[in-house]
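Following: one structure in structure tokens, then a few remarks.
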Amino acid sequence: MDANNKEHQILEKLFLSLLDDTNPDRVQSGISDLFIRINSETGEVVLYGDDEEQQLASTVIFSWVGLSDKPTKEMIRCLKTVISSLEGKGYWDSELFERPFSVVLVNDAFESIDELLFLDDELIKVSLPLLENLDEELNSFINQLLSK
């Protein structure tokens, strides 16, 4: 198993622990924001609820220890991949994640680095991967309509 796959599994397990009935620190009331803080020196990934006082879960990713003094692009990409995968499985549809709901990567001062996910029943935030081939698909669709 490669390191990247192992990191994905560790992060997915961390997120899944938020709703695990056997976890005494699981989310028990609705939250509208989930904050993620990565300590790059120690490799610790910490999940917080609506504020920095509400620590929900943490884990250590040893392959991230000492890589940088701040989260790297690879760490952020790994987080986005896992969060997107969980979204595809309907994980964020749990009633404990209130709408609007966001997942935000923060630094040690709890300042936003990157918004990793935003969900609202009335709004949809479209990310670049979803839009990548949109022009080609629309052109193809229009050509098909016009040729009939």
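Residue numbering for the sequence shown follows our numbering, starting at 949 and increasing by one per position.
The beta carbon of each residue, even a glycine, is placed where N, CA and C say it ideally should be.
Under the assumption that residue i contacts residue j (Cβ atoms under 8 Å), give the Cβ distance between them as a whole number of angstroms.
i: alanine 1005; j: leucine 1067; result: Not a contact, Cβ separation roughly 20 Å.
i: threonine 1007; j: valine 993; result: 6 Å
i: serine 977; j: tryptophan 1012; result: With a Cβ gap of about 30 Å, serine 977 and tryptophan 1012 do not count as contacting.
i: phenylalanine 1058; j: glutamate 1001; result: With 8 Å as the limit, phenylalanine 1058 and glutamate 1001 do not qualify as a contact, their Cβ atoms being about 10 Å apart.
Run through DSSP, which three-state label would residue i get?
i: threonine 1029; result: helix
i: serine 1006; result: strand
i: phenylalanine 1049; result: strand
i: leucine 1107; result: Outside the displayed range of the chain (949 to 1096) lies residue 1107, so it cannot be described from this structure.
i: aspartate 969; result: coil
i: lysine 1083; result: Inspection of the sequence shows that residue 1083 is occupied by aspartate rather than by lysine. Three-state result, aspartate 1083: helix.
i: lysine 1096; result: coil
i: lysine 1021; result: helix
Name the residue from the options whose alpha carbon lies nearest to the alpha carbon of residue i.
i: phenylalanine 1045; options: Ser1016, Asn953 and Val975; result: Val975
i: aspartate 1056; options: Lys1018, Glu1043 and Phe1049; result: Lys1018
i: leucine 995; options: Ser1016, Val1054 and Leu1094; result: Val1054
i: glutamate 1043; options: Asp1069, Glu1085, Phe1058 and Glu1084; result: Asp1069
i: glutamate 1022; options: Asn953, Arg1047 and Ser1095; result: Asn953
Does the Cβ-Cβ distance between residue i and residue j come in under 8 Å?
i: leucine 1027; j: isoleucine 984; result: yes
i: aspartate 968; j: isoleucine 1024; result: no
i: phenylalanine 1088; j: aspartate 981; result: The sequence given here places serine at residue 1088; phenylalanine does not occur at that position. Going by C-beta atoms, serine 1088 is not nearer than 8 Å to aspartate 981.
i: glycine 991; j: phenylalanine 1010; result: yes
i: isoleucine 979; j: glycine 997; result: yes
Give me whichever residues DSSP pairs with residue i in a beta bridge.
i: tyrosine 1039; result: DSSP lists no partner for tyrosine 1039.
i: asparagine 987; result: Glu992
i: phenylalanine 1066; result: Ser1050
i: leucine 982; result: Val1051
i: glutamate 1060; result: It is serine, not glutamate, that sits at residue 1060 in the sequence shown. Val1054.
Please report whether the beta-carbon of residue i lies at a distance below 8 Å from any beta-carbon of chain B.
i: aspartate 1041; result: No chain B appears in the structure shown, which is made up of a single protein chain.
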